[in-house]
Amino acid sequence: MSGDQNPYLHVFRMAGLFAVGIGAFLVLRALYVPGDFGTFGHYRPAALEANRAVAAKFAGRASCEACHTEIVEARKDSKHGGVGCEACHGPLARHASGDDQAPKPVKPDAARLCLTCHRADASKPRTFKQIVPANHYPGEVCTSCHNAHKPQLS
Amino acid sequence: MDLDRRSFLLDAGRLIVLSASASLAWEALLEGRPETAPNYTMTDHWWGMVIDIEKCIGCGNCVRACKTENNVPLEPYTFRTWVERYVVELDDLEHPKVESPNGGYDGFKPIETDTARIKTFFVPKLCNHCAASPCVQVCPVGATFESPDGVVLVDTDYCLGCRYCVQACPYGCRYIDPRTHTVDKCSLCYHRITKGLTTACCETCPTGARQLGDLKNPKDPIHEFLRTHKIQVLKPQMATHSKMYYNGLDGSVR
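Chains as they are written, first to last, in my numbering: chain A, 18 to 171; chain B, 189 to 442.
Given below as structure tokens:
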């Protein structure tokens with residue numbers, strides 16, 4: 018037995034290793050975790066801004082109606098009055114922002130578009146207007162009788 | 189009082205600017221649309237949505253609009269919102285047949301068979317923006333969280349792609365983006381609702397089957413709707429405190 022050696026040396030060695038490990042963890046943590054982490058909860062507040070920074074592709078009905086007042090007039094008392102403009106005309110945020118480079122809005126294809134909603138299907142609510150294309154003026158385009166902005170015939 | 193001409197003018201200018209913006213905000217609040225107030229304050233909002241099964245026609249407008257708005261890959265397994273069709277046979281109410289071809293992106297093939305012994309309807313689904321989200325609880329790095337205005341969001345820069353949250357979500361609302369290998373899901377169009385717009389799915393729903401609502405705004409029509417309808421959330425037994433309120437939800441919906 019080597020009498021001079023401290024019998025607890027192995028414990029101190031282990032404690033030293035732990036201290037180095039914990040120290041390294043604290044340094045790395047301070048380096049890599051953003052300072053504001055946890056301001057609102059267990060996350061980075063910057064992520065809120067990142068989620069907000071996405072550019073919208075649909076302008077929203079209000080911005081359409083700000084310019085196209087004649088359509089607002091045409092849709093008064095319309096059965097389609099509750100339908101948002103971009104539900105049929107597609108995403109038009111660039112067009113609405115006044116961007117000269119924006120692609121020109123395309124007139125929707127009525128033969129296809131109307132049936133997206135109005136083709137008869139047992140799964141649709143009973144109160145919703147539906148047609149079986151084979152029985153309802155086959156071969157005709159919907160818009161030859163119905164005005165898409167005010168579809169009721171009267 | 190050492191108030192010289194210069195500092196007096198500066199202070200007066202500040203006062204005018206401040207009161208102008210405050211009165212704008214106040215006007216917006218009075219008219220029941222705090223979302224259009226110039227400064228969006230997260231703690232003033234608590235977002236939810238009502239989904240009216242009795243109005244959904246399964247056109248798929250919401251699915252297409254969502255993929256466009258949020259740049260979601262056109263894969264048949266990546267959806268922030270999708271529409272399911274339920275077909276329930278009346279002598280076996282507990283085992284509905286559910287289909288969602290491409291999430292409803294291309295619409296649904298009409299049912300033309302005899303419908304005397306079945307009931308069938310559409311159920312739009314999306315992230316339920318739970319107030320006690322299982323997905324948030326399991327994220328090991330804080331890459332998904334409930335925002336102060338009640339929206340469950342993803343921090344794409346922080347996500348490891350470990351998929352714990354994908355397994356934890358009881359509603360199957362999460363997917364791994366094949367381009368970034370990080371998780372993605374409905375953000376309730378956070379970039380839109382914080383600017384006074386509604387979500388892309390609500391904007392394009394032709395029948396108004398989806399209505400975004402601010403539960404902290406006393407003038408929002410969502411309160412009247414919740415009060416006057418028979419409302420159910422999905423999987424209430426999971427105690428997720430979901431904020432997607434379904435009207436006319438059949439008991440067979442899982």
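We put the CB at the ideal spot given by N, CA and C, even for glycine. Quick caveat, the model's predicted, so the values are computed rather than measured.
Nearest candidate by alpha-carbon position, reference residue i, set the options
i        : options                                   : result
Trp235/B : Pro366/B, Tyr378/B and Asn258/B           : Tyr378/B
Leu403/B : Thr231/B, Leu198/B and Phe196/B           : Thr231/B
Asn258/B : Leu45/A, Thr160/A, Tyr60/A and Val71/A    : Val71/A
Leu437/B : Thr266/B, Lys418/B, Thr229/B and Ile299/B : Lys418/B
Cys247/B : Pro142/A, Gly55/A and Leu34/A             : Pro142/A
Glu272/B : His283/B, Ser288/B, Leu281/B and Thr266/B : Ser288/B
Gln325/B : Pro312/B, Val340/B, Val311/B and Leu314/B : Val340/B
Ala320/B : Leu198/B, Lys431/B and Ser440/B           : Lys431/B
Val311/B : Ile364/B, Pro328/B, Val276/B and Cys347/B : Val276/B
Glu300/B : Ser140/A, Arg61/A and Cys131/A            : Ser140/A
Asp279/B : Asp302/B, Cys318/B, Ile306/B and Cys347/B : Ile306/B
Ala63/A  : Gln420/B, Thr332/B, Arg398/B and Arg351/B : Thr332/B
Ser161/A : Arg46/A, Glu90/A, Cys131/A and Cys102/A   : Cys131/A
His369/B : Leu376/B, Thr416/B, Arg351/B and Gly360/B : Arg351/B
Asn68/A  : Val238/B, Arg380/B and Asp192/B           : Arg380/B
Alpha helix (DSSP H) segment containing residue i, residue limits
i        : result
Phe145/A : Phe145/A -> no alpha helix (DSSP H), and no H or E assigned at all.
Gly33/A  : Leu26 to Tyr49
Val173/B : The structure shown does not extend to residue 173/B, since chain B is modelled only from 189 through 442, so no value can be given for it.
Arg252/B : Asn249 to Glu257
Leu132/A : Ala127 to His135
Ile239/B : Run containing Ile239/B: none in the alpha helix (DSSP H); it sits in the beta strand (DSSP E), Trp235 to Asp240.
Through-space distance from residue j to residue i, alpha-carbon basis
i        : j        : result
Thr224/B : Pro261/B : Note that Thr224/B has pLDDT 48, beneath the 50 cutoff, so the model's placement of it is unreliable and the number below is only indicative. Roughly 31 Å between the two C-alpha positions.
Arg129/A : Pro155/A : 13 Å
His233/B : Asp337/B : 5 Å
Thr86/A  : Arg92/A  : 10 Å
Pro24/A  : Ala36/A  : 20 Å
Val251/B : Cys390/B : 11 Å
Phe75/A  : Leu109/A : 6 Å
Gly55/A  : Glu334/B : 12 Å
His163/A : Leu170/A : 7 Å
Ala32/A  : Ala427/B : 45 Å
His429/B : Cys318/B : 5 Å
Lys124/A : Tyr265/B : 31 Å
Val354/B : Gly439/B : 25 Å
Cys347/B : Glu103/A : 33 Å
Asn152/A : Cys254/B : 34 Å
Val28/A  : Leu422/B : 56 Å
Leu218/B : Glu412/B : Summary for Leu218/B: the model assigns pLDDT 49, below 50, so the residue's position carries little reliability, and this model does not support an answer.
Tyr274/B : Phe309/B : 6 Å
Pro222/B : Gly401/B : Note that Pro222/B scores 45 on pLDDT, short of 50, meaning its location in the model is unreliable and no value can be drawn from it.
Gly101/A : Arg442/B : 30 Å
Cys357/B : Cys323/B : 5 Å
Pro51/A  : Asn249/B : 40 Å
Val147/A : Glu66/A  : The question names Val, yet the displayed sequence has Gln at residue 147/A. Between Gln147/A and Glu66/A, the C-alpha separation is close to 44 Å.
Cys84/A  : Ser114/A : 11 Å
Leu198/B : Pro406/B : 38 Å
Val169/B : Thr144/A : There is no way to answer for residue 169/B, as the model of chain B reaches only from 189 to 442.
Cys327/B : Pro424/B : 22 Å
Asn316/B : Leu376/B : 9 Å
Gly396/B : Ile241/B : 10 Å
Pro394/B : Asp126/A : 17 Å
Residue i CB to nearest heavy atom of the ligand SAH below 8 Å
i        : result
Phe267/B : The ligand content of the structure shown is nil, which means the ligand SAH is not present either.
For residue j and residue i, believed in contact at Cβ under 8 Å, the rounded distance
i        : j        : result
Leu314/B : Thr269/B : 4 Å
Val371/B : Gly349/B : 7 Å
Limits of the beta strand (DSSP E) - the one that residue i falls within
i        : result
Lys423/B : Looking at the DSSP string, Lys423/B is not in any beta strand (DSSP E), and its letter there is neither H nor E.
Val311/B : Ile306 to Leu314
Pro284/B : Asp280 to Glu287
Arg367/B : Looking at the DSSP string, Arg367/B is not in any beta strand (DSSP E), and its letter there is neither H nor E.
Asn435/B : Met432 to Asn435
Phe333/B : Thr332 to Glu334
Arg398/B : Arg398 to Asp402
Leu414/B : Per DSSP, Leu414/B belongs to no beta strand (DSSP E); it is in the alpha helix (DSSP H), Ile410 to Thr416.
Quiz item: So does the stretch 385–392 of chain B actually touch the stretch 77–84 of chain A, counting three or more Cβ pairs closer than 8 Å?
Solution: Yes, they touch.
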